[in-house]
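J.:
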Amino acid sequence: MARGLAVMSALLFVLATTTKAYMEGVSRPSALGNSSAPTHLHFYFHDKVTGPSPSAVRVVNPPNNTSPTFFGMVVVMDDPLTEGPDPASKPVGRAQGMYVLSNQARIGFLQAMNIVLTAGPYNGSVITVLGSNHISDIIREMPVLGGTGHFCFAHQKMAKEIVVMSVLLFVLAATTKADMQSGYGPGCSSLCNSSAPTHIHFYFHDKITGPSPSAVQVVSPSNKTSPTSFGTVYVMDDPLTEGHDPRSKPVGRAQGMYLSSDQVRIGFLQAMKIVLTAGPYNGSMITVLGSNHISDSIREMPVVGGTSAFRFARGYVQARTFFLDSNELDAVVEYNVYIKNGKEISSNAYGLVLGATCEGHTHGGPRPSPLGHGSESTHLHFYFHEKVSGPSPSAVMVVNPPDNMSKTLFRKVVVLDDLLTVGPDPRSKPVGRPRACTSRQTKTGSGS
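Numbering (mature numbering (1 follows the signal peptide of the UniProt record, and there is no 0)) for the sequence shown: -21 to -1, 1 to 427.
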């Protein structure tokens, strides 16, 4: 594996990868970023995986040591951002998150990160990115999902030059029906000028058995007796086809991760990029992040962004199991994807969560429409209970930090299925459950 690491260092993190980083663009926006022109941020990103003080560390090895793309490897990062290409130049922030190698054909990542700005007019603000990063491409584009501070309600796209940041998150164990059904052409203008959502239809094939699986388990559940395999993590590179037969016309790939995050019934937190390779949207990508309970007849997950024809896009996918092998758990799932350009969706589709203790009740304005339209923001209020000890914890550590001396537990990964209640007492009325995976992404602070 030492040879593999050397190759990774050469291919992925050449020269401790850098990406130009000074803040330039239009005038400073108002608190919610109201401006007709997009704000432009520019910086260098330094990803260092070698030496005594790496900024990115591998927390999960690829299950197959002979994989030429290190399929299944997971890395946690806390990378410095600087004003110039020299690592000694002025620091302007940190890129904190995880990346997973999720492509079996060429080296590419599903990448999730927070860009934490620490200098300039946006000091203290955070930008959240989730997307695809194929480092052999000269320019890579990834969606900005949102942010905090000056970038609350932000939804932009990010073009990335020869940098190697990257990702973790989660993904799905299922499959989908795939022919491109839309009356619109592939250009962004087609989506921008349309009042009806674009509809894409395909089949998703998730195969975890046999000599050539499309999804591999990279983290085992911490409790072997869990009926839902709580804490299990899979990385996938699943084919999408026009029909339910795996031999039908290929139309794309679903690449990412899915995580068993429910202790009561089988359900996944899923993060994936849908890479389209045929039809009018060939070359475009759609980013999905949501919940997938495979026992439900119809599962709905949000579309949180995209690239090319789907820049600024929002929408949802509906997944329906077409076939499931009850013994092997290989699956074929039918997908219907509905997408609208982000400019048509009101800011109520985005939100801000403040981590604070409060009275613990759910209240607010009128319930928004399916695409988030409404005259005012909806307000939800509750208590979040995380229990990591005792016989029935609600959060379990699935990846230990490699460096046991780390004061911040940098690189620790936790899966949670926590309780939300009306009041601070855990016995008060339950109102929901957050199901997710968190990683300790900072080497100096206490943030996750």
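All C-beta atoms, glycine included, are put in the ideal place defined by N, C-alpha and C.
Check whether the Cβ atoms of Arg293 and Lys252 lie closer than 7 Å to each other.
T.: Residue mapping note: residue 293 aligns to position 314 of the sequence shown, counting from 1. Residue mapping note: residue 252 aligns to position 273 of the sequence shown, counting from 1. No, these two residues do not count as a Cβ contact at 7 Å.
J.: Between which two residues does the beta strand (DSSP E) carrying Gly61 extend?
T.: Reading the sequence shown from its first residue, position 82 is the one you call residue 61. Per the sequence shown, the amino acid found at residue 61 is Thr instead of Gly. Where Thr61 is concerned, the enclosing beta strand (DSSP E) stretches over 53 to 61.
J.: Starting from Arg244 and walking both ways along the beta strand (DSSP E), at which residues does that stretch end?
T.: As a first step, residue 244 is located in the sequence shown; it is residue number 265 there, counting from the start. Where Arg244 is concerned, there is no enclosing beta strand (DSSP E), given that its DSSP letter is neither H nor E.
J.: Secondary structure at Ser287, three-state DSSP: helix, strand or coil?
T.: The residue given as residue 287 occupies position 308 in the sequence shown. Looking at Ser287 - three-state DSSP - the assignment turns out to be helix.
J.: Within a Cβ cutoff of 7 Å, which residues of the same chain sit near Arg412, ignoring the five residues on either side of it in sequence?
T.: Within the sequence shown, numbered from 1, the residue matching residue 412 stands at position 433. Correct list, in chain order: Asp396, Asp397, Leu398, Leu399.
J.: Give the DSSP-derived three-state secondary structure of Ser407 in the structure shown.
T.: On the sequence shown, residue 407 is found 428 positions in, with the first residue counted as 1. In the structure shown, Ser407 sits in coil (DSSP, three-state: anything other than H, G, I, E or B).
J.: Would DSSP call Pro100 helix, strand or coil?
T.: Numbered from its first residue, the sequence shown carries residue 100 at position 121. If DSSP states are grouped into helix, strand and coil, Pro100 belongs with the helices.
J.: I'd like to know if the stretch 193 to 211 and the stretch 18 to 28 are in contact, where contact means that at least 3 CB-CB pairs between them fall below 8 Å.
T.: Cβ pair count under 8 Å is below three, so no.
J.: Whose C-beta lies closer than 7 Å to the C-beta of Pro176 among residues of the same chain, with five residues either side of it excluded?
T.: Mapped onto the sequence shown, residue 176 falls at position 197. Answer for Pro176: Gly294, Tyr317, Ile318, Lys319, listed in chain order.
J.: Nearest CA to the CA of Ile187: which residue from Ser274, Thr220, Val311, Glu120?
T.: Position 208 of the sequence shown, counted from the start, is the residue given in the question as residue 187. Closest by alpha carbon: Val311.
J.: Can you name, in chain order, every residue of its own chain whose Cβ lies under 6 Å from the Cβ of Thr97, other than the five neighbours on each side?
T.: Start at 1 with the first residue of the sequence shown, and residue 97 comes out as number 118. Cβ within range, chain order: Gly72.
J.: What is the DSSP secondary structure of Gly128, reduced to helix, strand or coil?
T.: Position 149 of the sequence shown, counting from 1, holds the residue named residue 128. In this structure, Gly128 counts as helix in the three-state DSSP scheme.
J.: Does the stretch 234 to 251 come into contact with the stretch 272 to 288, if we say contact requires no fewer than three beta-carbon pairs (one atom in each stretch) closer than 8 Å?
T.: The stretch 234 to 251 is in contact with the stretch 272 to 288.
J.: What did DSSP end up calling Val254 once you bin it into helix, strand or coil?
T.: Position 275 of the sequence shown, counted from the first residue, corresponds to residue 254. The answer is strand: DSSP assigns Val254 an E or B state.
J.: Tell me the rounded alpha-carbon separation between Pro281 and Val296.
T.: As a working note, residue 281 is residue 302 in the sequence shown. As a working note, residue 296 is residue 317 in the sequence shown. About 6 Å.
J.: Have a look at Ala257 and Gly231 and give me their C-alpha separation to the nearest angstrom.
T.: Position 278 of the sequence shown, counted from the start, is the residue given in the question as residue 257. Position 252 of the sequence shown, counted from the start, is the residue given in the question as residue 231. Near 7 Å, if we compare the C-alpha coordinates of Gly231 and Ala257.
J.: Quick one: Cα of His21 to Cα of Ser287, how far?
T.: Here residue 21 is taken as the residue at index 42 of the sequence shown, counted from 1. Here residue 287 is taken as the residue at index 308 of the sequence shown, counted from 1. Distance between the alpha carbons of His21 and Ser287 is about 20 Å.
J.: Assign Leu359 to buried or exposed, taking buried as 16 or more other Cβ atoms, counted over all protein chains shown, within 10 Å of its Cβ.
T.: Within the sequence shown, residue 359 is the residue found at index 380, counting from 1. The residue is exposed, with fewer than 16 neighbouring Cβ atoms inside 10 Å.
J.: Report yes or no: do the stretch 86 to 97 and the stretch 111 to 126 share at least 3 C-beta pairs separated by less than 8 Å?
T.: In short, these stretches touch, since the Cβ pair count reaches three.
J.: Would you kindly work out how many angstroms separate the C-alpha atoms of Ser239 and Gln196, rounded to a whole number?
T.: For the purposes of this step, residue 239 is taken as the residue at position 260 of the sequence shown. For the purposes of this step, residue 196 is taken as the residue at position 217 of the sequence shown. Answer to the nearest angstrom: the Cα atoms are 11 Å apart.
J.: Could you say which of Pro372, Glu307, Glu313, Arg290 lies nearest to Arg299 if we only look at CA atoms?
T.: For this step, residue 299 is matched to residue 320 along the sequence shown. Selected option, being the one with the closest Cα: Glu313.
J.: Excluding sequence positions up to five away, which residues of its chain have a Cβ less than 8 Å from the Cβ of Ser407?
T.: Here residue 407 corresponds to residue number 428 of the sequence shown, with the count starting at 1. Here the set comprises Gly339, Tyr362, Thr400, Val401.
J.: Quick one: Cα of Phe289 to Cα of Ser263, how far?
T.: Here residue 289 refers to the residue found at position 310 of the sequence shown. Here residue 263 refers to the residue found at position 284 of the sequence shown. So the two alpha carbons sit approximately 7 Å from each other.
J.: Buried or exposed, going by whether 16 or more other CB atoms sit within 10 Å of the CB of Pro409?
T.: Here residue 409 refers to the residue found at position 430 when the sequence shown is read from its first residue. Exposed, by the Cβ-count rule.
J.: Please classify Asp404: is it buried, with 16 or more other beta-carbons within 10 angstroms of its beta-carbon, or exposed?
T.: For the purposes of this step, residue 404 is taken as residue 425 along the sequence shown, with counting starting at 1. Result: exposed.
J.: Within the continuous beta strand (DSSP E) that includes Asn320, where are the two ends?
T.: Within the sequence shown, numbered from 1, the residue matching residue 320 stands at position 341. It spans 310 to 320 - the beta strand (DSSP E) in which Asn320 sits, taken as one unbroken run.
J.: Identify which residue in Glu221, Thr266, Asp216, His178 has its Cα closest to the Cα of Glu120.
T.: Counting from 1 along the sequence shown, the entry for residue 120 is found at position 141. Nearest option by C-alpha distance: Thr266.
J.: Kindly indicate which three-state DSSP category Pro64 falls into: helix, strand or coil?
T.: What you label residue 64 is simply residue 85 of the sequence shown in a count that begins at 1. Here Pro64 sits in coil by DSSP.
J.: With Pro229 as the anchor, note down where its beta strand (DSSP E) starts and where it stops.
T.: Counting from 1 along the sequence shown, the entry for residue 229 is found at position 250. Element bounds for Pro229: 229 to 239.
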